[in-house]
Amino acid sequence: MNLKTKQIPRKRKLNEVINVSKSNGKRFLTPGKHLMMGNVAMSEGALSAGLGFFAGYPITPSTEVIEHLAYRLPQVGGCCMQMEDELASINAVIGGSLVGAKAMTATSGPGLSLMTETISMAANLEIPFVFCDVQRNGPGNGFVTDPHHNDIGLIRFAGNGEFSVIALAPINCQELFDLTITAFNYAETYRCPVFIISDAYLGHIHEVVNIPEKGEIENRVIKREVPPDFDIEKCYTYLDKESNQYVTPKPFTMGSEYCARNIIHQPHGPGGFYVPAEKAIDFIQGLVDKINNNKDKICLTEQYQLEDAEIVIIAYGLPVRASYRAVDLARKEGIKVGIFRLITVWPFPDDEVKDLVKNVKTVIVPELNYTGVIAEQVERVTDLGTPVVKIPKVGQFHHPDEILKVIREVAK
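Under the numbering used here, think of the first position of the sequence shown as 1239, with each following residue one higher.
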């Protein structure tokens, strides 16, 4: 698709871009089953969640996202902008969110690397946005069409300083649609960067996606609350004065001047930015604890055949699909094995995993990376006497037989 034919006029009024909730005519697809590419399913999930502004730069294997949204966003009163590079893309997304639009970008590993400085700024200012990382092989350019979950660590620490993010890992096109809606809800609730963890295979696979009724989708979506009149105290408040608890501030709105400075700020309003050094810990604590203290609401997981399991597979993303088949075959052989699936990868569900593995013989962690980023998290919360067996793959899928072979070996 020639994106130049889909450019939005520069003189378009800002309120036409932001007031997307008034243009719902084509926002929702016809309910029922649709055959979709993964990148398209994710894009449609974003639209259903209320996406109003997208800025990005084409990069394999995420390019179909901007191609699709260049066509679809103008239909619902939104704006899709192809920027000159990844740096401009992420800064445009932050600007779009600041003035009241639900905003998103999509890229792959090299683009994510370029965007980390602004992601850190967004975390500092608690600006909500969604980031879709359609991962490919690395380091550097790697193999641009091969799936590889080598950005998983970078996603967790995507920028300088200390802050927490949320990252969701779909395993099929249906979940790319559904979990993208969840990602926008998390962004609105916790005011932090929220990532969709996709990859070259998942982004390009074509599967059936069941689109719910419009009303059902609307009931799921947390709407952006834009104050009708600019109230700087409401828009820039990070600590509730009565409860002394950190809360998520209201989004900024257009039509007023304000200063959003990317430094440690006071918890109440913008009445001065000086914060004594001894108070910096309070600021960092707010950014981290608003996620870690709400893991029970954020951490989504699934369990399969765990009732009597002596061997547990802990996995996320594509390896989960191969693990289901491996577990079914192992169960037919009398091996008691089950799956604990991480839908939310970050924050990591420490307590759930710790409780799960305390009485098992072995934990198996298949990952689409070599170092075992999630395996390290499992080892961190697992008793030293319990083996944690890694099954790494680089740029290739796990075959169920490979996982079954490991299950048989550890079951001996």
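For glycine and all other residues, C-beta sits at the position ideal for the given N, C-alpha and C.
| query | In three-state DSSP terms, what is Val1632? | reply | In this structure, Val1632 counts as coil in the three-state DSSP scheme.
| task | Can you say whether Gly1623 is buried or exposed, counting buried as having 16 or more other CB atoms within 10 angstroms of its CB? | result | Flag for Gly1623 reads exposed.
| field | CB-CB length for Ala1293 against Ala1330, believed under 8 Å | value | In this structure Ala1293 touches Ala1330 by the C-beta definition: roughly 4 Å separates them, less than 8 Å.
| Around the C-beta of Tyr1428, are 16 or more other C-beta atoms found within 10 angstroms, so that it is buried, or is it exposed? | The residue in question, Tyr1428, is buried, as its Cβ has 16 or more Cβ neighbours within 10 Å.
| message | So the candidates are Asn1531, Pro1638, Asn1448, Lys1631; which of them puts its Cα closest to the Cα of His1387? | response | The shortest Cα separation from His1387 among Asn1531, Pro1638, Asn1448, Lys1631 belongs to Lys1631.
| query | Alpha carbon to alpha carbon, how far is Glu1451 from Leu1273? | reply | So the alpha carbons of these two residues sit roughly 17 Å apart.
| task | Would you kindly report the start and end of the unbroken alpha helix (DSSP H) that includes Tyr1554? | result | Unbroken run through Tyr1554: none, as it is neither H nor E.
| query | Do the CB positions of Ala1344 and Ile1304 come within less than 8 Å of each other? | reply | Yes, the Cβ-Cβ distance between Ala1344 and Ile1304 is below 8 Å.
| query | Is Gly1276 helix, strand or coil when you go by DSSP? | reply | Look at Gly1276 here: in three-state DSSP terms it is helix.
| Run through DSSP, which three-state label would Asp1323 get? | In this structure, Asp1323 counts as coil in the three-state DSSP scheme.
| request: Check whether the Cβ atoms of Gly1288 and Phe1422 sit closer than 8 Å, and answer yes or no. | output: Cβ atoms of Gly1288 and Phe1422: closer than 8 Å.
| According to DSSP, is His1442 helix, strand or coil? | Residue state, collapsed to three classes: helix.
| Complete runs of the beta strand (DSSP E) confined to the segment 1363-1419 [at least 3 residues] | The DSSP assignment places 1367-1373, 1404-1406 as complete runs of the beta strand (DSSP E) inside the segment 1363-1419, in order along the chain (cut-off: 3 residues).
| query | On the three-state DSSP scale, how would you describe Ile1449? | reply | In the structure shown, Ile1449 falls within a strand segment according to DSSP collapsed to helix, strand and coil.
| task | Starting from the C-beta of Gly1509, find all residues in its chain whose C-beta is less than 8 Å away, skip the five residues before and the five after it, and write them out in chain order. | result | Note on Gly1509: pLDDT 43, under 50, position unreliable in the model; no value is reported.
| task | Starting from Tyr1542, trace the beta strand (DSSP E) both ways and give me its first and last residue. | result | Looking at the DSSP string, the run of the beta strand (DSSP E) that includes Tyr1542 is 1539-1542.
| Cα-Cα, which of Lys1517, Ser1346, Leu1363 is closest to Gly1378? | For Gly1378, the nearest C-alpha among the options comes from Ser1346.
| field | CA-to-CA distance, Val1382 to Glu1322, given in whole angstroms | value | Using only the alpha carbons, I get a separation of about 20 Å.
| Segment limits, alpha helix (DSSP H) that includes Phe1521 | Start and end: 1518-1530.
| In three-state DSSP terms, what is Gly1347? | DSSP places Gly1347 within a helical segment (H, G or I) once states are collapsed to three.
| said: Beta-carbon within less than 8 Å of Glu1545's beta-carbon, same chain only, minus the 5 sequence neighbours each way: which residues are those? | reply: Within the same chain, Glu1545 has close Cβ partners Gly1576.
| Relative to the C-alpha of Arg1646, which residue among Lys1599, Gly1316, Val1616 is closest? | Cα-wise, what sits closest to Arg1646 is Lys1599.
| task | Please name the residue, chosen from Ala1547, Val1337, Leu1525, that lies closest to Leu1594 on a Cα-to-Cα basis. | result | Closest option to Leu1594, Cα to Cα, is Ala1547.
| Nearest residue (CA-CA) to Leu1350, options Pro1366, Val1337, Leu1325 | Selected option, being the one with the closest Cα: Leu1325.
| said: I believe Ile1549 touches Val1616 by the beta-carbon criterion, under 8 Å. Please report the beta-carbon distance rounded to the nearest angstrom. | reply: Contact between Ile1549 and Val1616 does not hold, since the beta-carbon distance rounds to 13 Å and is not under 8 Å.
| request: Find out if the Cβ-Cβ distance for the pair Val1372, Ser1300 is shorter than 8 Å. | output: The criterion of a C-beta distance shorter than 8 Å is satisfied by Val1372 and Ser1300.
| field | Nonlocal neighbours in the same chain, by C-beta distance under 6 Å from Tyr1439, ignoring five residues either side | value | If we look at Tyr1439 and ignore the five residues flanking it on each side, its Cβ neighbours are Pro1385.
| query | Where do the ends of the beta strand (DSSP E) carrying Glu1605 lie? | reply | That run of the beta strand (DSSP E) goes 1600-1605.
| If you follow the alpha helix (DSSP H) that Asp1589 is part of, which residue opens it and which one closes it? | From DSSP, the alpha helix (DSSP H) with Asp1589 extends over 1588-1595.
| task | Report all residues from its chain with a CB closer than 8 Å to the CB of Thr1354; omit the five preceding and five following residues, and keep chain order. | result | A distance below 8 Å between beta-carbons, with the five flanking residues on each side excluded, links Thr1354 to the following residues of its chain, in chain order: Leu1392, Ala1396, Gly1397, Asn1398.
| request: Determine the contact status of Val1644 and Ile1629, defining contact as a CB-CB distance below 8 Å. | output: The answer is yes: Cβ separation under 8 Å.
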